[in-house]
Structures are given as C-alpha cells and as structure tokens.
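These notes concern the structure reproduced below.
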Amino acid sequence: MSRLDSFIRRLTAQRDILNAITDLVAEIDGPVLEFGLGNGRTYDHLREHFHGRRIIAFDWEVRSYSASTPEPEDMVTGNIRDSGQAFLGIGAALAHADIGTGHDEIDAVTLTWLPQLMAGVLAHNGIAVSGLPLEHPELTALPLPEGIKEGRYFLYRRA
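In this note's numbering, the protein residues as written are 18 to 176.
Below is the structure:
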C-alpha cells in the first residue's frame, strides 16, 4: 500500500471513529482535548460535532489555519508531554491524540508518557481516541466501528 493510501485510510478511520462516538461523548460532561492541533482539520471537525462544548487544543506552536485555530484561552503551546500535565484531573469527556510520527523510535518514546496523560485527563467513562495504541490499566479498548481495520486507529473508555 502506498504511503498516500495509508494516510487516507488513517484519516478516514479517524473521522469515522469521531463520527461514531458523537452520541457516546454527548452523555459525558467535560471538555474535549485535542492533542496535536496541526493545521486544525480535526479540531474543526470536533467543533462541528461537539458544538457548544469547550475544546482545548495542544501543540508545539500554532500552525493551524486561522479559521481552525482555537481562541487563545483554549490553545496550549509547548511540549505536549509537559503542558498536558497541568490538565490531569480536568475530567475530559473526550481526549483525541494524533501525534504519531510513523517513526518507530520516536513513537516508542511518546508511548512512554501518552497513555498516562490520556487516562489522567479523562473523566470516568471518558473516551480516548488515538493514532497510537494506549496501554494503560484504566483504559479499556472499545470495538472499532465497522470497516475500520484493527491497528489503524484506537478507541478506549476510561474506567
């Protein structure tokens, strides 16, 4: 499979999961956290599906399109590993992280801290969606929506 096809399938899986969990997340109080704002595509999609809910985005710096950039009070810049720690216990309904690089050695380092961060920011029964697998005792894998290949994107609920 070409890298382009792989990229398209990953983004399709991301979108399909986010669409599938809209009603599930609606039942949970708390903000939505977006780890890895990038150019703001996913943030924009989250705004559309979780209208009226606070969405806090994190990234090294703001590089998103102006129409897809959070207000300053909802944009956290700097190292996500460090800046995210201030949000432990916030009780998020949803935490989404698409910060994988595709480089095994870099992603292995991210996986030493990302599962703890995701579990730590979520409310009881909160939902985690990630491009990387999250091994953590408080996170239980949920079935993926039909048509999404196992291992392409990941979905969890916090105990």
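Built from N, CA and C at the ideal position, the CB exists for glycine as well.
Rounded straight-line distance, which links the Cα of residue j to that of residue i
{"i": "Asn-96", "j": "Val-79", "result": "12 Å"}
{"i": "Ile-25", "j": "Phe-104", "result": "31 Å"}
{"i": "Arg-64", "j": "Thr-157", "result": "26 Å"}
{"i": "Leu-172", "j": "Val-42", "result": "12 Å"}
{"i": "His-120", "j": "Tyr-82", "result": "26 Å"}
{"i": "Pro-160", "j": "Val-93", "result": "31 Å"}
{"i": "Lys-166", "j": "Gly-148", "result": "13 Å"}
{"i": "His-66", "j": "Gln-31", "result": "13 Å"}
{"i": "Ala-112", "j": "Arg-175", "result": "10 Å"}
{"i": "Pro-162", "j": "Asp-33", "result": "7 Å"}
{"i": "Arg-20", "j": "Gly-57", "result": "21 Å"}
{"i": "Ala-125", "j": "Glu-44", "result": "33 Å"}
{"i": "Ser-23", "j": "Tyr-170", "result": "12 Å"}
{"i": "Thr-127", "j": "Gly-101", "result": "13 Å"}
{"i": "Ala-114", "j": "Met-18", "result": "24 Å"}
Local conformation of residue i per DSSP, three classes
{"i": "Ala-176", "result": "coil"}
{"i": "Val-79", "result": "coil"}
{"i": "Thr-157", "result": "strand"}
{"i": "Ile-165", "result": "coil"}
{"i": "Ile-97", "result": "helix"}
{"i": "Ile-144", "result": "strand"}
{"i": "Leu-139", "result": "strand"}
{"i": "Phe-24", "result": "helix"}
{"i": "Phe-171", "result": "strand"}
Cutoff 8 Å; reference residue i; Cβ partners in own chain excluding five residues on either side
{"i": "Arg-70", "result": "Pro-48, Val-49, Ala-110"}
{"i": "Gln-133", "result": "His-153"}
Sequence-distant residues of its chain with Cβ nearer than 6 Å to residue i (five each side left out)
{"i": "Ala-74", "result": "Glu-51, Leu-54, Tyr-60, Pro-87, Met-92"}
{"i": "Gly-108", "result": "Gly-47, Ala-140"}
{"i": "Gly-117", "result": "Asp-124, Gly-148, Leu-149"}
Sheet register partners of residue i (DSSP bridge)
{"i": "Glu-51", "result": "Ala-74, His-113"}
{"i": "Met-92", "result": "Ala-74"}
Identity of the residue in the options nearest residue i by Cα
{"i": "Ile-144", "options": "Ser-23, Asp-22, Arg-20, Asn-36", "result": "Asn-36"}
{"i": "Pro-190", "options": "Ala-84, Met-135, Ile-38", "result": "Outside the displayed span of the chain (18 to 176) sits residue 190, for which this structure offers no information."}
{"i": "Gly-168", "options": "Leu-131, Pro-89, Gly-57, Leu-151", "result": "Leu-151"}
{"i": "Thr-129", "options": "Ser-85, Gly-164, Arg-98, Asn-142", "result": "Arg-98"}
{"i": "Gly-137", "options": "Gly-164, Gly-106, Pro-89", "result": "Gly-106"}
{"i": "Leu-28", "options": "His-62, His-68, Ile-72", "result": "His-62"}
beta-carbon residue i near the ligand ADP non-hydrogen atom, thresh 8 Å
{"i": "Trp-77", "result": "Of ligands this structure carries none, so the ligand ADP is not represented either."}
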